[in-house]
Structures are given as C-alpha cells and as structure tokens.
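With the numbering used here applied, the sequence shown corresponds to residues 96 to 255, in that order.
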Amino acid sequence: MATAFTTADLIDDHGDTLRSCSTQFRLLGGRARFHGPIRTVKCHEDNGLVKKVLNSPGDGAVLVVDGGGSLRSALLGDMIGASAVANGWAGVVVHGAVRDSVALAELDLGVKALGTNPRKSVKDGAGLADVTVTFGDVAFVPGEWLYSDEDGIVVNATRI
Numbered sequence: 096m097a098t099a100f101t102t103a104d105l106i107d108d109h110g111d112t113l114r115s116c117s118t119q120f121r122l123l124g125g126r127a128r129f130h131g132p133i134r135t136v137k138c139h140e141d142n143g144l145v146k147k148v149l150n151s152p153g154d155g156a157v158l159v160v161d162g163g164g165s166l167r168s169a170l171l172g173d174m175i176g177a178s179a180v181a182n183g184w185a186g187v188v189v190h191g192a193v194r195d196s197v198a199l200a201e202l203d204l205g206v207k208a209l210g211t212n213p214r215k216s217v218k219d220g221a222g223l224a225d226v227t228v229t230f231g232d233v234a235f236v237p238g239e240w241l242y243s244d245e246d247g248i249v250v251n252a253t254r255i
C-alpha cells in the first residue's frame, strides 16, 4: 500500500473538501500510515460484530468502529487484528479501547484507538454495520475515503 501521503499535505492541497477528525487517537498498529474506503461498525462494549466484519474480505478498506468512546473493555485485540491482516484490511479506527497493544504494533495493520484495556468485551454481536457514525466532528460514511497518519485522520467523499 502506498504511503506517500501525509494528512497535512492533503489538507494543504484539498482544504475544506476534507473533514479532519478532532479526536486525539493513539497510534497502536504496525502501519503508521493507511488509507482506504470506509466500512463501519457501531457497537457498545461488544466486539462480536467487529470480529465478524474483520473476518470478511477487506479489499484494502478501513473499518471505523464507533464504540461510543467507552474504555471499559477492548473492541479489538491481537487475534482479531491478525484476522484483519489475513483478510486484506488496511486499518481499524476504534472510538474506544483495544488490547494486546504490543502484538498489534507488530501487525502490518493501521490501528488507532482512544486507549487500551485488557478486559474483553462481550461477544453477542449486537450493533450495526455499514451505517454512518459520527465522532470527532466528522461523519464517517461507508464508501467514503479515510486517510490516516501520525498527525491525524482526514476523510473525503472520494479517493484522492
């Protein structure tokens, strides 16, 4: 995957056509820069749907998980992260917590999250997939494009 972009340069080149996420995420995956079409999951302290989606073909997409900002349990760990790599996902952005951060850092996968918690989530599969989710002053619309690097996350309606 090409990593020649920086989000700062994208903002300089495209200005207000890009939406910049104001949420301050931690970079936790082995791939610092990643981009792709957006897929989404909205869930709360339940990673069953996250696991199901990341076990399907990713085709270079980025999964944006709106966990409501909860840090009480992890929505992604090393095993689901490894599945994401095996299935061709470019990255995962979790508006919540992850676990196994040392192992996630070894994966060729972009991972951003609010923080970490070793506690497992429930696995009932409750939630919604491929719906618009909003946090950090940005609506993440399935099919639009997300670009992420060390400075942040920007979203555009189409591929740049």
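Built from N, CA and C at the ideal position, the CB exists for glycine as well.
The structure presented is a predicted model; accordingly, all values stated were derived computationally and were not measured.
Going by C-alpha positions, F235 is about 23 Å away from D203. Within the same chain, Cβ atoms closer than 7 Å to the Cβ of S216 are found at E140, D141, N142, S168, A169, L170, the five residues on either side in sequence being excluded. Within the same chain, Cβ atoms closer than 7 Å to the Cβ of D173 are found at D195, A198, L199, the five residues on either side in sequence being excluded.
Taking a 10 Å sphere around the C-beta of T135, we find 16 or more other C-beta atoms and assign the residue as buried.
Only residues of its own chain outside the window of five on either side were considered, and among them G231, D232 have a CB closer than 6 Å to the CB of S117, listed in chain order. Under the Cβ criterion (8 Å, minimum of three pairs), the segment 125-134 counts as touching the segment 151-170. It is roughly 24 Å from the alpha-carbon of L209 to the alpha-carbon of S151.
In the DSSP assignment, L158 falls within the unbroken beta strand (DSSP E) covering 157-161. Around the beta carbon of G205, a 10 Å sphere encloses 16 or more other beta carbons of the protein chains shown; the residue is thus reported as buried. For D104, the uninterrupted alpha helix (DSSP H) segment begins and ends at 102-109. As computed with DSSP, S243 is found in a beta bridge with F129, I248. A Cβ-Cβ distance of about 19 Å is found for the pair G164 and G124, leaving them out of contact under the 8 Å criterion. As computed with DSSP, H190 is found in a beta bridge with D161. Secondary structure of G238 (DSSP, three-state): coil. When C-alpha distances from W240 are compared across N251, D246, I175, the shortest belongs to N251. Here the alpha carbon of R121 sits roughly 9 Å from the alpha carbon of E245.
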